[in-house]
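Chains A and B, in that order, give the protein sequences.
So the first sequence is residues 268 to 822, counted in this note's numbering.
So the second sequence is residues 85 to 184, counted in this note's numbering.
Just so you know, even glycine gets a beta-carbon here, dropped at the ideal spot from N, CA and C.
What you are looking at is a predicted structure, and each value in this text was computed from that prediction instead of being measured.
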Amino acid sequence: MYSYSEFDEGYVRERVRKFRSQVERRIDGSLTEDEFKPLRLMNGLYLQLHAYMLRVAIPYGTINPAQMRQLADIADKWDKGYGHFTTRQNIQFNWPKLKDVPDMLDALADVGMHAIQTSGNCIRNVTADHFAGAAADEIEDPRPTAELLRQWSTDHPEFTFLPRKFKVAITGSPNDRAVTKAHDIGLRMVRNEAGEPGYEVIVGGGLGRTPMVGKVVREFLPKIDLLPYLEAILQVYNLSGRRDNKYKARIKILVHETGLDEIKTRIEAAFEAQKKHFRGPEPSLVAAIEAAFSQPELDPPVMSISLDTPVRDPLLESWIDTNVSEHKVPGAAIVTVSLKPIGGTPGDATSDQMRVLADLAERYSHNELRVSHEQNIILPHVYRADLPAIHAALREAGMATANVGLISDIIACPGMDYCALATARSIPIAQEISQRFEDIRVQKDIGPLKIKISGCINACGHHHVGHIGILGLDKAGVESYQLTLGGDGTQTATIGTRTGPGFAADEIIPAVERLIDAYLGLRESRDETFLEAYRRVGMEPFKAALYSEAKAHAA
Amino acid sequence: MARAFTPKIVTANDLFEGDVIYLRADGTWSREHGDAAVAQTQERADELLAVAQAQQDVQIGAYLADAELGADGRPLPIHFREAFRTRGPSNYHHGKQAQA
Ligand code: SF4
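Here it is in structure tokens:
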């Protein structure tokens, strides 16, 4: 697993030391807030609605048991005994006191973690598939490439002044679990006809104010060409990206305004020129990074019971059905621990739960844990034979909810319960939906469904790519919720379409119920998912279900 | 005639704790919305805001928020955001609601 190099450790400690003195000077009044604010933001400290918030990075969502335990201790010692895992693979502490933050940062540094935020118009964090290194459908672990990109871009003077911030996502599987089409650059590993691995390169995706699905600029890029090709993309963007308007400066606008063919031509030309003097990174660097992400040796026991034998415990069976995914090694499995208990806050874990997760990772998952952008925790390398024991331990800790991929596995940003930018709350909507559809049999009957909720147009809850998206707005001083349907964050990415007028807070749950009823009524069979049904019939039947009844009530 | 002025209060976050605070008439800060000084004119509102902003060493981000007077003559929030700020989050019993 990747660990800090000497340089990083020294750098992080030095940053903490500096920040400690800055906090002292803020407290004694020698720094004003105007002077202090950029310093605290760089160190992950935000001011939210009710308190400060510390945001801690979990690079590639990869975290080890010692780190998870330290997060638990930090939550107990300086916060309120819990943490919130976000859609950006971070953890947030919602109640730190200013004077304690340097101690929290030192405690993080003790386990090789930090809260340093890359800011400014540079290449921001590179994100990767949370099943990386484990998924059965994976061609290659994408994390070494992600780490290579991070190192390459950090040291790259030409790209620290891009027109706007820049986000990259990578998946090593044809099945996209990293929302690559919603990033400035998305890389999806595929094989060419000769069976060689390479990347499909996607450019110009993004959510937020102007949501767009990224476009494929190269169907197959050999791995070796990756850095020169990305350099070419960034050159084109640097030359032609708009710097006159913050809202138009993202590469998605350039792609949109210039047209895909023209952009492709420019990138390919820049790439040809680039290739002449830059062939990619040093093989020794690549080897070192790859070694840092090497796979654990998996040696699953020969199972005494075959997997096809029905499991006797119905709760265990139900949980295996939804929360366990196929591992690349037969006999091994990937467990997704749901942080979405019925009526709970999506993504929250108590300190005790974090410790249980750390113990389970140590005992059963080769010391690895992952945090998914869907706000769940992954045990990536377990043996199928251990599933009953893992399930039993999770049940005891209140983390055995068998709902991954179902209607109650909702993504929700903190919204106006915490976030200073929010226009409405999102958490209570998620809580109410999961309570309304509490019965697991009902959830399973409804089948795969992704509901995603954001508390403002910034779209941290990825509502545009939810099968059902919910956006909280402030409509003349009242919380109001805008629905979108048909969004998709996978390799078949689509931005959801608005249904029509929004719904008040007390109308939104009934509105979601009407959508579900409509779907259950019109699906061709139990195998047709909500998204498939929507794609077949379109908006109209759902619109009718949403609005005709409302009108009848109003009449 | 000019439009009726919506009464204003000054609110901010405490520098050390981050908690929501309200400016009293004497220029000190309270944790309770009801203690806030109420400005009935824009001039008075600007004056209060200036008093708050001068206190860089105790508050962050002072701003004016609309308020109305309750039956007891104390100010109440109008916008839902300000109402949430008087309580804390709705998913846990944390923040002001837990201190009351
Ligand atoms: S979407 Fe808006 S409300 Fe939600 S976390 Fe992001 S900025 Fe805050």
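Asked                                                                                                                      : Found
Simplified DSSP state of residue 806(A), which is helix, strand or coil                                                    : coil
By C-beta, the residues closer than 6 Å to any heavy atom of the ligand SF4, given in chain order                          : 680(A), 681(A), 682(A), 686(A), 688(A), 689(A), 721(A), 722(A), 723(A), 725(A), 726(A), 727(A) and 728(A)
Under 8 Å between C-beta atoms of residue 556(A) and residue 414(A)                                                        : yes
DSSP bridge partner residues for residue 319(A) (one or two, in chain order)                                               : 314(A)
Option nearest residue 442(A) by Cα separation, candidates 673(A), 452(A) and 399(A)                                       : 399(A)
Close-in-space but distant-in-sequence residues of the same chain around residue 465(A) (CB under 7 Å, 5 per side omitted) : 457, 459, 487, 488, 489 and 490
Residue 112(B) versus residue 159(B) - alpha carbon distance                                                               : 17 Å
Interface partners of residue 683(A) on chain B, CB under 7 Å                                                              : 165 and 168
Straight-line Cα distance separating residue 337(A) from residue 346(A)                                                    : 13 Å
Chain-ordered neighbours of residue 694(A) on chain B, where CB pairs are closer than 8 Å                                  : 173, 174 and 175
Contact with chain A by residue 101(B), beta-carbon distance below 8 Å                                                     : yes
Minimum C-alpha distance to residue 361(A) - residue among 484(A), 685(A), 532(A) and 541(A)                               : 685(A)
N-terminal and C-terminal residue of the beta strand (DSSP E) that residue 599(A) is part of                               : 599-604
Selection from 613(A), 354(A), 593(A) and 659(A) that minimises the alpha carbon distance to residue 627(A)                : 659(A)
Sheet register partners of residue 591(A) (DSSP bridge)                                                                    : 602(A)
Contacting residues, own chain, Cβ-Cβ under 7 Å from residue 780(A) (five flanking each side not counted)                  : 703
Spatially closest choice to residue 636(A) from 411(A), 647(A) and 643(A), by CA coordinates                               : 647(A)
Selection of the segment 125-151 of chain B by Cβ proximity to chain A, strictly under 8 Å                                 : 140, 141, 144 and 145
Helix, strand or coil at residue 532(A) [DSSP, three-state]                                                                : helix
Chain A contact for residue 117(B) (CB, 8 Å cutoff)                                                                        : no
Own chain residues within Cβ distance below 6 Å of residue 758(A), not counting five before or after                       : 443
8 Å Cβ cutoff, residue 557(A) in contact with chain B                                                                      : no
Best match in 162(B), 114(B), 153(B) and 178(B) for proximity to residue 348(A) [C-alpha to C-alpha]                       : 178(B)
Residue 351(A) at chain B interface by Cβ criterion, 8 Å                                                                   : no
Proximal residues, the segment 662-676 of chain A versus chain B, C-beta separation under 8 Å                              : none
Residue environment, residue 743(A), which counts as buried when at least 16 other CB atoms sit within 10 Å                : exposed
Candidates 175(B), 161(B) and 109(B): closest to residue 129(B) by CA position                                             : 109(B)
Buried versus exposed call for residue 284(A) [16 or more other C-beta atoms within 10 Å across all chains shown]          : exposed
Between the CA atoms of residue 782(A) and residue 813(A) - distance to the nearest angstrom                               : 7 Å
Separation of residue 116(B) from residue 170(B), as counted between CA atoms                                              : 7 Å
Residue 318(A) at chain B interface by Cβ criterion, 8 Å                                                                   : yes
Proximity test, Cβ basis, 8 Å: residue 104(B) and chain A                                                                  : yes
Chain A within 8 Å of residue 179(B), Cβ atoms only                                                                        : yes
Local conformation of residue 381(A) per DSSP, three classes                                                               : coil
Length of the line joining the Cα atoms of residue 90(B) and residue 605(A)                                                : 47 Å
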